[in-house]
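Enquirer:
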Amino acid sequence: MVNSMKKELRRAVIAGNWKMNKNRAEARALLEELVPMVKDADCGVIVCVPFTDLETALEALKGTNVAVGAQNCHWEASGAFTGEISAGMLAEMGVEYVIIGHSERRQYFGETDETVNRRVRAALDAGLKVILCVGETLAQREQGITGEVVGLQTKVALQGVSAGELKRIIIAYEPVWAIGTGRTATSAQACEVNHLIREVAAGLYSEEAAAALTIQYGGSMNAKNAEELLNEEDIDGGLIGGASLKAPDFTAIVKAASR
Ligand code: PEP
0 MVNSMKKELR
10 RAVIAGNWKM
20 NKNRAEARAL
30 LEELVPMVKD
40 ADCGVIVCVP
50 FTDLETALEA
60 LKGTNVAVGA
70 QNCHWEASGA
80 FTGEISAGML
90 AEMGVEYVII
100 GHSERRQYFG
110 ETDETVNRRV
120 RAALDAGLKV
130 ILCVGETLAQ
140 REQGITGEVV
150 GLQTKVALQG
160 VSAGELKRII
170 IAYEPVWAIG
180 TGRTATSAQA
190 CEVNHLIREV
200 AAGLYSEEAA
210 AALTIQYGGS
220 MNAKNAEELL
230 NEEDIDGGLI
240 GGASLKAPDF
250 TAIVKAASR
């Protein structure tokens, strides 16, 4: 049993996933509003923006405590992959993080556990940090196979990832039925699965590596429910969709994670 009581050893990280929202002018305005509001945050703060906003975000966030992430990358370094962006291209721009395996990519763009693993490898090889998303569908939860599904997603995604590289990975547990639905997992449900992910990591690596792993919750986290979720021992931050598009809402979550 992994000792998750070492919560204080882990850095809480709040990451915004803007999805396909905000043109360049809107991105700049949101970031200019956000930066002073979160400047004293006692947790990691990341915004994962559309590819077309990366340059704007890098410029607006230079010298601040807010890091920039992308929302996907391809597994090959270059070549005939029309419409794709490589991990190396992101790293070369100065992007620090990339979300991989978001359920919307699994659901709408044919992402599989295997392609998630290839993208994770490519991102790590390019020097990026990864926010790796895992989570079960409602049907899977109702079938009672949440643990198996999330465990398998985690194991396959981390194939070929060393213990040293694990330090550059954040795992985000995002139950598919809670994303963008307004329906949040209870803090007990979220903590139970986060703990299970930590046990999987302990099995793959070591108890120390697992105890140091940042595991976020994502799925309709907002200013009202963040504190309760973030108080749980195994919830080390959040991946935030809708609420990351409004500076005051995102800031309230960042404040709840600052401890
Ligand atoms: C997400 O996109 O990762 C997410 C959690 O979205 P929302 O907060 O809107 O449910």
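Taking numbering that gives the first Met the number 0 as reference, the numbering of the sequence shown is continuous, increasing by one, and the terminal residue is 258. Each residue gets a CB set at the ideal place from its N, CA and C atoms; glycine is no exception.
With DSSP collapsed to three states, give me the class of L229.
Expert: The residue given as residue 229 occupies position 230 in the sequence shown. L229: helix per DSSP, three-state reduction.
Enquirer: Does A24 pass the burial test, meaning 16 or more other C-beta atoms within 10 Å, or should it be called exposed?
Expert: The residue given as residue 24 occupies position 25 in the sequence shown. A24 should be labelled exposed.
Enquirer: Per DSSP, what kind of secondary structure is S219 in: helix, strand or coil?
Expert: Indexing the sequence shown from 1 puts residue 219 at position 220. In this structure, S219 counts as coil in the three-state DSSP scheme.
Enquirer: Compute the Euclidean distance between the alpha carbons of R9 and K166, then round it to the nearest angstrom.
Expert: Position 10 of the sequence shown, counting from 1, holds the residue named residue 9. Position 167 of the sequence shown, counting from 1, holds the residue named residue 166. Using only the alpha carbons, I get a separation of about 11 Å.
Enquirer: Are L203 and L157 closer than 8 Å when you measure CB to CB?
Expert: Within the sequence shown, residue 203 is the residue found at index 204, counting from 1. Within the sequence shown, residue 157 is the residue found at index 158, counting from 1. The answer is yes: Cβ separation under 8 Å.
Enquirer: Is the separation between the beta-carbon of N193 and that of I214 shorter than 8 Å?
Expert: One-based indexing of the sequence shown puts residue 193 at position 194. One-based indexing of the sequence shown puts residue 214 at position 215. Against a cut-off of 8 Å, the Cβ pair of I214 and N193 comes out as a contact.
Enquirer: Mapping the DSSP letters down to three states, classify N262 as helix, strand or coil.
Expert: Coverage of the chain is limited to positions 0 through 258, which leaves residue 262 absent and any answer about it impossible.
Enquirer: Which two residues bound the contiguous alpha helix (DSSP H) that contains V119?
Expert: By 1-based counting over the sequence shown, the position of residue 119 is 120. Unbroken alpha helix (DSSP H) run through V119: D112 to D124.
Enquirer: Between N64, A86 and N16, which has its C-alpha nearest R31's C-alpha?
Expert: Walking along the sequence shown from the start, residue 31 turns up at place 32. Rather than Arg, the amino acid found at residue 31 in this sequence is Glu. Taking only the C-alpha atoms, the option nearest E31 is N64.
Enquirer: Determine the DSSP secondary structure at Y107, reduced to helix, strand or coil.
Expert: Translated into the one-based positions of the sequence shown, residue 107 becomes position 108. The answer is helix: DSSP assigns Y107 an H, G or I state.
Enquirer: So does K21 have its beta carbon nearer than 7 Å to some heavy atom of the ligand PEP?
Expert: As a working note, residue 21 is residue 22 in the sequence shown. Not so, every heavy atom of the ligand PEP lies at least 7 Å from the Cβ.
Enquirer: So the alpha helix (DSSP H) V155 belongs to, where does it begin and stop?
Expert: What you label residue 155 is simply residue 156 of the sequence shown in a count that begins at 1. That run of the alpha helix (DSSP H) goes T145 to A156.
Enquirer: Closest to E164 by CA distance: which of V175, L123, E198 and L137 is it?
Expert: Mapped onto the sequence shown, residue 164 falls at position 165. For E164, the nearest C-alpha among the options comes from L123.
Enquirer: Quick test of your reading: V149 and Y172, contact by CB under 8 Å. State the CB separation rounded to the nearest angstrom.
Expert: In the sequence shown, the residue the question calls residue 149 occupies position 150. In the sequence shown, the residue the question calls residue 172 occupies position 173. Sure, about 7 Å apart at Cβ, within 8 Å.
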